[in-house]
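Worksheet for the structure shown next.
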Amino acid sequence: MKGPILFLGIGGSGMSSLAHMALDLKLPVLGYDQKNTDTTEYLKKRGALIQNDISLIALEGIEMVVYSSAINDKHKQVFEDIKKKNIPLKHRSEFMHLLVSNQKSISVAGSHGKTSTTTMVSQILSEVGMDPTIMIGGDTSLLEKRGGKIGSGNFAVYESDESDGTFLKHKASIRLLTNIDNDHLDYYKTREKLEDAFLEYISFGTPGDVVLYAKDQGIRDVLLNKTKAIIPSPQFRLFLCLEAEDTKSDWYRNLETKLGNHLIPVIYQIKDDHLTFSFLETKNLNLHLPYPGVHYLTNGLVALVGSYVSGVSPKISSEILSRYIGVKRRQEILGHWNGVTVMDDYGHHPTEISMVIRSLKNKLKSKGRLIVLFQPHRYTRTQLLLRELAESLTLADSLLMLPIYSAGESPIAGINHESFIPFLDPKNTEYLKGEMDLDLLVIKDKLQKGDLLLCLGAGNVRDWGRQLLKNQS
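Once you know that position 229 of the sequence shown is 229 in the UniProt record's numbering, the rest is easy, because the numbers rise by one and skip nothing.
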């Protein structure tokens, strides 16, 4: 490839990861993004040429254009110009699959936990010297702020994002699935279509190994509701993570009848802060993680089994995950302010919110209060999941609500952060203005020594926490 590759929206987590991978391959990289960020500055240091004004980018000589679903109708003219010049136009998922086409693929899908599970698999394979290609939609020290890198090994590990259906364009030889929840219904429209998409991801009729966390109700619903579609390929294996009591259920027995020897149960139990599991020749092995929460343990089990399929012993994987490095914006401690711990977490869906709040309250116990500073993410998600979001947030000891982070969406009439008022306790909730100086006065007044302030959401809510830490008065 002689000409440069143009990445539209290069500052996004997925797009920047792909741009770094292209730079690893010594490919010339051009980029467009409206904002200058630490991400775009790092890409520039590595050799990418990035413009904030798309009209300043000449299309002549460009070899390929890569775009994401975040590039929308506002850029319609650009797409038309690209097509007129017959420049190959690739969605980011297509480009990623081009990059990993010469390696065996391990994909990680699920409504929640994709980034953490992908990082776990990547850490395991990296530490045993397999040097995988990696694409992660989050910031982890494993990749030194890059999100993606090209490895020389036989495997590529990457997230499969279901938000726009493009995760179905490539069938990895090892497919991991953490859960299925009601997210991205603005795209799928119905729960049935969402389940159909995940069923296609599992792809019983194609060769490969699949690992499912079967305690998740969404995954169970697919296995139960789509039984007629389960016709396994001769080279198909299903590793099913579940508790011993589940093997006595009707849904499991029906699945066992359909799959026979293709089904491999992974039996686990959780007690206190560790998980014990057994499958095939592995018996009663323990898994401990440095992060609290059942969801981390179960994600770790899925990652461990996926790594086993790729050739790493469960004992070695368990030892590696005992020092799991984590991902930025997943229970990340930003610092301390006047005896208050300030933490940031990316959770923005009701299930994620419930999990992180429950795990932190369990860790705190009676040592202090959990004060949640929440920023709703996207108008469409807020509209679709308003009641569920409110219910998950009631678990906090005290709640501070920021205005909605649009993520590029146009506002929806009648949908804002005050839409939560009918569903939340007014004695326990305050609605902020989104003006940092004024908001910080309210936040400071709310906090007491020993509290944990959780900045929660997928937008820029962490900025409030960071600004608080800059002023210790």
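In this text, a Cβ means the ideal position worked out from N, Cα and C, and glycines have one as well.
Residues of the same chain with a CB within less than 7 Å of the CB of residue 411, apart from the 5 flanking positions on each side, are 379 in chain order. Shown here for residue 262: same chain residues with a beta carbon closer than 7 Å to its own, the five before and five after excluded, namely 232, 236, 237, 238 in chain order. Here DSSP, grouped into helix, strand and coil, assigns residue 269 to strand.
If you draw a straight line from the Cα of residue 242 to the Cα of residue 266, it is about 6 Å long. Under the Cβ criterion (8 Å, minimum of three pairs), the stretch 343–359 does not count as touching the stretch 425–440.
In this structure the stretch 168–177 does not touch the stretch 131–141; the number of beta carbon pairs closer than 8 Å is below three. With distances taken between CA atoms, residue 35 lies nearest to 10 out of 48, 24, 221, 10. Following the DSSP letters along the chain, one finds residue 7 inside the beta strand (DSSP E) bounded by residues 5–8. Counted as a single uninterrupted DSSP element, the alpha helix (DSSP H) harbouring residue 95 occupies residues 92–99. Residue ranges of uninterrupted beta strand (DSSP E) with 3 or more members, entirely inside the UniProt domain "Mur ligase C-terminal" (329–459) and ordered along the chain, are 332–337, 340–345, 370–374, 398–401, 429–431, 452–456.
CA-to-CA, the gap between residue 164 and residue 355 works out to about 25 Å. The DSSP assignment places complete beta strand (DSSP E) segments of no fewer than 3 residues inside the stretch 213–280 at 236–242, 263–271, 274–279, in order along the chain. Residue state for residue 466 is assigned as helix, using DSSP reduced to three classes. A Cβ-Cβ separation of about 6 Å places residue 29 in contact with residue 5 under the 8 Å criterion. Going by C-alpha positions, residue 147 is about 24 Å away from residue 3.
Excluding five sequence positions before and after residue 21, the CB atoms of its chain that fall closer than 6 Å to its own CB belong to 99, 148, 150, given in chain order. Inclusion of residue 346 and residue 115 in the CB contact set at 9 Å is warranted, their separation being smaller than that value. Beyond the five residues adjoining it in sequence on each side, residue 169 comes within less than 6 Å, by CB distance, of 93 in the same chain, given in chain order.
Under DSSP, residue 128 takes part in no beta bridge, so it has no partner. Beta-bridge annotation (DSSP): residue 159 is paired with 108. DSSP places residue 174 in the uninterrupted beta strand (DSSP E) bounded by 174–177. Three or more beta-carbon pairs separated by less than 8 Å are not found between the stretch 334–350 and the stretch 412–424, which leaves the two stretches without contact. Residue pairing of residue 288 in beta bridges, as defined by DSSP: 274.
Three or more pairs of CB atoms, one per stretch, sit closer than 8 Å, so the stretch 289–299 contacts the stretch 310–326. The count of Cβ pairs closer than 8 Å, one atom from the stretch 393–406 and one from the stretch 203–221, stays below three, leaving the stretches out of contact. Within the same chain, 7, 66, 92, 95, 96, 99, 135, 148 come within 8 Å of residue 18 by CB-CB distance, once the 5 residues on both sides are set aside. In its chain, beyond the 5 residues on either side, 179, 180, 181 have a beta carbon closer than 6 Å to the beta carbon of residue 218. DSSP links residue 64 through a beta bridge to 5. Sequence-distant partners of residue 89 (beyond 5 residues in either direction) whose C-beta falls short of 6 Å from its own C-beta, in its chain, are 65, 82. Pairing residue 371 with residue 446 gives a Cβ-Cβ distance under 9 Å. Secondary structure of residue 211 (DSSP, three-state): strand. Scanning 192, 277, 252, 368 for the CA closest to the CA of residue 448 turns up 368.
Cβ-Cβ distances below 6 Å link residue 51 to 32, 57 in the same chain, with the five nearest sequence neighbours on each side left out; the list follows chain order. Only exposed fits residue 192, as fewer than 16 other CB atoms lie within 10 angstroms of its CB.
Within the same chain, and ignoring the five residues on either side of residue 458 in sequence, the residues whose Cβ sits closer than 6 Å to its Cβ are 346, 348, 377. With contacts defined by Cβ atoms closer than 9 Å, residue 334 and residue 466 form a contacting pair.
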